[in-house]
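K.L.:
Numbering (the working numbering), first residue to last: 17 to 338.
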């Protein structure tokens, strides 16, 4: 049986979808599982032994609705697929599935795309995103899944802490002034070296923080300097990570690194750490607009849900996790 899975478009969602792939392989052990994923994220499924083939996708090479259809059509010329699982909610991802012409095309309804799928299910409410993806397997194969969250193999720990102030959404990104305050307090309370991480496009943001420090002793900046496998290894080797609500936080959960994740705009019930006792969510209580689920803070110049988290609370939680 040939099964093709269209993976999500963002790092955190991809990590949260790995449990789906793990359970799919368990339910269909004799199947040939392939995935479609954004080209820049293709190194992640390459780490999974049960994924047999990866099809990197680029919007630049296949632009627009006609482009995604052509991409799917191109895949269908080489192989016939029995199942196509569409994990993103977008119309375009379902259109890609139509081009693939799989016998069964499965995904969530919405965005006027149900007619493109053979099996369009209403998205269940009040579930973690990992469980939303698993729901598609339950409906497709008519079975109840009690899944254990996907975990990368544990590695030997090294004596450093990671600070991640980045996020794709500005409402989840730590403002520079608050990042400086956190660094100051962490350096005061803990002796471990600090490692700052980020993608290539986040290099300037991280440098803008570090340039305001009086000195950089015991701080390493790895923003833009690691591949995805190297980033996973770096996070896995840390004794602890402090992070905003971001893809890197989900990597920390998957590699079982103790994690303090600072939530504001996001809803931890849907996108927080999944099935782990090594993570703690910290948010500012009593703010009526939080969680707003928006990508930009519309009420304040900076996201108050992050800037007003007491740094002493962060330090206290880190002490519990180390």
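Note that beta-carbon positions come from the ideal geometry of N, C-alpha and C, so glycine has one too. Being a predicted model, the structure only gives us computed values, none of them experimental.
1) Could you have a look at residue 129 and say whether DSSP puts it in helix, strand or coil?
2) Check for me: the alpha helix (DSSP H) holding residue 87 runs from which residue to which?
3) Assuming residue 229 and residue 199 form a contact by the criterion Cβ under 8 Å, report the distance between their Cβ atoms to the nearest whole angstrom.
4) Is residue 232 buried or exposed, if buried means 16 or more other CB atoms sit within 10 Å of its CB?
5) Of all the options 189, 276 and 196, which has the alpha carbon lying nearest to the alpha carbon of residue 330?
6) Check this for me: beta carbons of residue 296 and residue 335, under 9 Å apart or not?
7) Taking the runs of the alpha helix (DSSP H) that are 4 residues or longer, which of them lie wholly in the segment 236-290?
8) I need the straight-line Cα distance from residue 53 to residue 173, nearest angstrom please.
9) Apart from the five residues just before and just after residue 63, which ones in its own chain have a Cβ nearer than 8 Å to its Cβ?
10) Counting along the chain, where does the alpha helix (DSSP H) carrying residue 327 start and finish?
11) Determine the DSSP secondary structure at residue 233, reduced to helix, strand or coil.
12) What is the residue span of the alpha helix (DSSP H) that residue 99 lies within?
13) Roughly how many whole angstroms lie between the Cα atoms of residue 195 and residue 225?
14) Is the separation between the beta-carbon of residue 273 and that of residue 255 shorter than 9 Å?
15) In chain order, what residues of the same chain lie with their CB nearer than 8 Å to the CB of residue 150, ignoring the 5 residues before and after it?
16) Can you tell me whether residue 183 is buried or exposed, with buried defined as 16 or more other CB within 10 angstroms of its CB?
17) List the residues that DSSP assigns as beta-bridge partners of residue 179.
18) How big is the Cα-Cα spacing for residue 125 and residue 268?
19) Taking DSSP as the reference, what is the three-state secondary structure of residue 57?
20) Skipping 5 residues on each side, what residues in its chain have a beta carbon closer than 6 Å to that of residue 43?
21) Given a cut-off of 9 Å, decide if residue 181 and residue 260 are closer than it, judged by their beta-carbon atoms.
22) When we look at the beta-carbon of residue 67 and count the other beta-carbons within 10 Å, is it buried (16 or more) or exposed?
23) Could you tell me whether the Cβ atoms of residue 23 and residue 116 are closer together than 9 Å?
24) Below 7 Å CB to CB, which residues in the same chain sit around residue 252 once its five sequence neighbours on both sides are set aside?
25) Taking residue 349 as the reference, give the member of 114, 69 and 324 with the closest Cα.
26) If you check the beta carbons only, do residue 103 and residue 121 fall under 9 Å apart?
27) Alpha carbon to alpha carbon, how far is residue 123 from residue 152? Give it in angstroms, no decimals.
P.N.:
By the coordinates alone:
1) Position 113 of the chain shown, counted from the start, is the residue given in the question as residue 129. Three-state DSSP puts residue 129 in coil, outside helix and strand.
2) For the purposes of this step, residue 87 is taken as residue 71 along the chain shown, with counting starting at 1. 80-94 is the span of the alpha helix (DSSP H), which, as asked, contains residue 87.
3) To locate residue 229, count along the chain shown from 1; it is residue 213. To locate residue 199, count along the chain shown from 1; it is residue 183. That belief holds up - the Cβ atoms of residue 229 and residue 199 are roughly 7 Å apart, short of 8 Å.
4) Counted from its first residue, the chain shown places residue 232 at position 216. It counts as exposed.
5) As a first step, residue 330 must be located in the chain shown, where it is residue number 314. Per the Cα distances, 276.
6) In the chain shown, counting from the first residue as 1, residue 296 sits at position 280. In the chain shown, counting from the first residue as 1, residue 335 sits at position 319. Between residue 296 and residue 335, the C-beta gap is not smaller than 9 Å, which leaves the two residues out of contact.
7) 244-253, 263-270 and 284-287
8) As a first step, residue 53 must be located in the chain shown, where it is residue number 37. As a first step, residue 173 must be located in the chain shown, where it is residue number 157. Straight-line Cα distance between these residues: approximately 30 Å.
9) On the chain shown, residue 63 is found 47 positions in, with the first residue counted as 1. Within the same chain, residue 63 has close Cβ partners 168, 245 and 248.
10) Residue mapping note: residue 327 aligns to position 311 of the chain shown, counting from 1. Here the alpha helix (DSSP H) through residue 327 covers 327-337.
11) By 1-based counting over the chain shown, the position of residue 233 is 217. Note: residue 233 maps to coil in three-state DSSP.
12) The residue given as residue 99 occupies position 83 in the chain shown. No alpha helix (DSSP H) holds residue 99; the beta strand (DSSP E) holding it covers 99-102.
13) Within the chain shown, residue 195 is the residue found at index 179, counting from 1. Within the chain shown, residue 225 is the residue found at index 209, counting from 1. Cα-Cα distance, rounded: 7 Å.
14) Position 257 of the chain shown, counted from the first residue, corresponds to residue 273. Position 239 of the chain shown, counted from the first residue, corresponds to residue 255. Closer than 9 Å, so yes.
15) The sequence position of residue 150 within the chain shown is 134, counting from 1. So the qualifying residues of the chain are 35, 36, 39, 161 and 163.
16) The count along the chain shown starts at 1 and reaches residue 183 at position 167. So residue 183 counts as buried.
17) Residue 179 sits at position 163 when you count from the first residue of the chain shown. Per DSSP, 212 and 258.
18) Against the chain shown, residue 125 aligns to sequence position 109. Against the chain shown, residue 268 aligns to sequence position 252. Distance between the alpha carbons of residue 125 and residue 268: 31 Å.
19) Walking along the chain shown from the start, residue 57 turns up at place 41. In the structure shown, residue 57 sits in a helix (DSSP, three-state: H, G or I).
20) Taking the first residue of the chain shown as position 1, residue 43 is located at position 27. Closer than 6 Å at the Cβ level, and outside the excluded window around residue 43, lie 157.
21) Working through the chain shown from its first residue, we reach residue 260 at position 244. Working through the chain shown from its first residue, we reach residue 181 at position 165. Contact: yes.
22) Counting from 1 along the chain shown, the entry for residue 67 is found at position 51. By the 10 Å Cβ count, residue 67 comes out buried.
23) Sequence index remark: in the chain shown, residue 23 carries index 7 (1-based). Sequence index remark: in the chain shown, residue 116 carries index 100 (1-based). Cβ atoms of residue 23 and residue 116: not closer than 9 Å.
24) Locating residue 252 in the chain shown gives position 236, counting from the first residue. Sequence-distant Cβ neighbours of residue 252 in its own chain, meaning closer than 7 Å and more than five residues away, are 168, 171, 271 and 273.
25) Since the first residue of the chain shown is 17 and the last is 338, residue 349 is not available in this structure.
26) For the purposes of this step, residue 103 is identified with residue 87 of the chain shown, where counting begins at 1. For the purposes of this step, residue 121 is identified with residue 105 of the chain shown, where counting begins at 1. Going by C-beta atoms, residue 103 is not nearer than 9 Å to residue 121.
27) As a working mapping, residue 152 is identified with position 136 in the chain shown. As a working mapping, residue 123 is identified with position 107 in the chain shown. Taking the straight line from one Cα to the other gives about 7 Å.
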